[in-house]
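Read in order, the letters of the sequence shown correspond to residues 115 to 259 in our numbering.
Glycine included, each C-beta is placed from N, C-alpha and C at the ideal position.
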Amino acid sequence: PEISVRPIIASINAPARLISSFLDQILTPIYNYVTKNITFINSTDLIRKLKEYDQNGYLTSTTLFVIFDVTDLYTMIPRDGAIAALRRFCQKYSTNGKIGNLKVETIIKLASVVLDTNSFAYNDKYYRQIKGGAMGSPFTMVLAN
Numbered sequence: 115p116e117i118s119v120r121p122i123i124a125s126i127n128a129p130a131r132l133i134s135s136f137l138d139q140i141l142t143p144i145y146n147y148v149t150k151n152i153t154f155i156n157s158t159d160l161i162r163k164l165k166e167y168d169q170n171g172y173l174t175s176t177t178l179f180v181i182f183d184v185t186d187l188y189t190m191i192p193r194d195g196a197i198a199a200l201r202r203f204c205q206k207y208s209t210n211g212k213i214g215n216l217k218v219e220t221i222i223k224l225a226s227v228v229l230d231t232n233s234f235a236y237n238d239k240y241y242r243q244i245k246g247g248a249m250g251s252p253f254t255m256v257l258a259n
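Next up, the structure:
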């Protein structure tokens, strides 16, 4: 049988863990608010939204449902594309160029620190992850979404 192996760098005790948690705390509420109409929280929420969809006349015999299964999402996010998307998101949902007390550019710099400090040592050699983010990094989840 074919064995699938994927690179994982855990971020539990990573140097940028606190920055990652901080970014998650300020960005996740905005993301959740913006996507509340297109996100299913659980199966009960899915059923409720399907019922609304049907009541609004959108559920027809030709309605198609699509399921996406993304493999290795966290480790495959292109860094520059993710930072560009984050910048657009922050600019769109900022007030006077700020989210909370932080300027958008400060958020981008902090995000870059989180993404650029994923490294590990193996056999006395140091390796740095150059694509995606660390598994378990709070910020990586909101960035991937």
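> In terms of residues, what are the limits of the alpha helix (DSSP H) holding Phe-136?
Replying inline: Note, Phe-136: alpha helix (DSSP H), 131–148.
>> Using only the alpha-carbon positions, how far apart do Leu-178 and Ser-233 sit?
In response: 42 Å
>> So, at 6 Å on beta carbons, what are the nonlocal neighbours of Ser-134 in its own chain, with the 5 sequence-adjacent residues on each side left out?
In response: Residues of the same chain with a CB within less than 6 Å of the CB of Ser-134, apart from the 5 flanking positions on each side, are Val-228, Ser-251, Pro-252 and Phe-253 in chain order.
> Between Ala-258 and Leu-137, what straight-line distance do the alpha-carbon atoms span, to the nearest angstrom?
Replying inline: 13 Å
>> According to DSSP, Ile-213 sits in a beta bridge with which residue or residues?
In response: Residue pairing by DSSP puts Ile-213 in a beta bridge opposite Leu-216.
> For the stretch 171–251, which segments carrying the beta strand (DSSP E) assignment without a break, of at least 3 residues, lie completely within its bounds, in sequence order?
Replying inline: Qualifying beta strand (DSSP E) stretches, in chain order: 233–236 and 239–242.
> Are the beta-carbon atoms belonging to Ile-261 and Tyr-207 less than 7 Å from one another?
Replying inline: This structure cannot speak to residue 261, because the chain is shown only from 115 to 259.
> Which class does Ser-157 belong to by DSSP, given the choice of helix, strand or coil?
Replying inline: Ser-157: helix per DSSP, three-state reduction.
>> Ile-181 and Cys-204 - do their beta-carbons sit closer together than 7 Å?
In response: no
> What does a CB cutoff of less than 7 Å around Ile-126 pick up in its chain, not counting 5 residues either side in sequence?
Replying inline: Gly-250
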